[in-house]
Amino acid sequence: MRVIQDQRTLLAHWVYTREEWLFFEHWKLRRKGVFAYWLSRIRGRRVLDMPEITVTGQRIWINDQVEIFADETRKLRRVHLRETDVLHVLEIIYELMGQNASRMRMIQIPVPRGKLREAIEVQECLSGNAF
Numbered sequence: 001m002r003v004i005q006d007q008r009t010l011l012a013h014w015v016y017t018r019e020e021w022l023f024f025e026h027w028k029l030r031r032k033g034v035f036a037y038w039l040s041r042i043r044g045r046r047v048l049d050m051p052e053i054t055v056t057g058q059r060i061w062i063n064d065q066v067e068i069f070a071d072e073t074r075k076l077r078r079v080h081l082r083e084t085d086v087l088h089v090l091e092i093i094y095e096l097m098g099q100n101a102s103r104m105r106m107i108q109i110p111v112p113r114g115k116l117r118e119a120i121e122v123q124e125c126l127s128g129n130a131f
């Protein structure tokens, strides 16, 4: 396993087709339950033309939103590559520490078609930095 020395190192930059992104969004909603899935179908979802994700040793940018998983108040705990019949999802689990308690959080990232090997490398790099 390779340990990342500079946490700002770019590990992956993935661009998705609209169909890949919609499929992932529907997959997440189905996992939340039938009610959440149908409610989102009724409201409709607007998808950007070119959804993209950028992964570094500390952060993930999902389109224009950043999510930090490793700093003074967040500790990376586990990186897992989930394989389903139709989709691969990189799951990053981190602990958000508060004054009185800590909570576990998970970031789910779809792996684009043809990028499985790169996703495995990202998993190995991040796993080398997990506590």
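The sequence shown: position 22 = 22 (this note's numbering), numbered continuously. Backbone N, C-alpha and C define an ideal beta-carbon position, used for all residues, glycine too.
- When only Cα atoms are considered, W61 and I53 end up about 6 Å apart.
- Across the set R82, D85, L87 and R59, the C-alpha of R59 shows the shortest separation from the C-alpha of L76.
- Remark: C-beta atoms of L90 and A70 do not approach each other more closely than 8 Å.
- Bridge pairing for A12: V55 [DSSP].
- Counting along the chain, R113 sits inside no beta strand (DSSP E), nor does DSSP assign it H or E at all.
- The bridge partners DSSP lists for H26 come to none.
- I68 sits away from V79, with the two beta carbons spaced by 8 Å or more.
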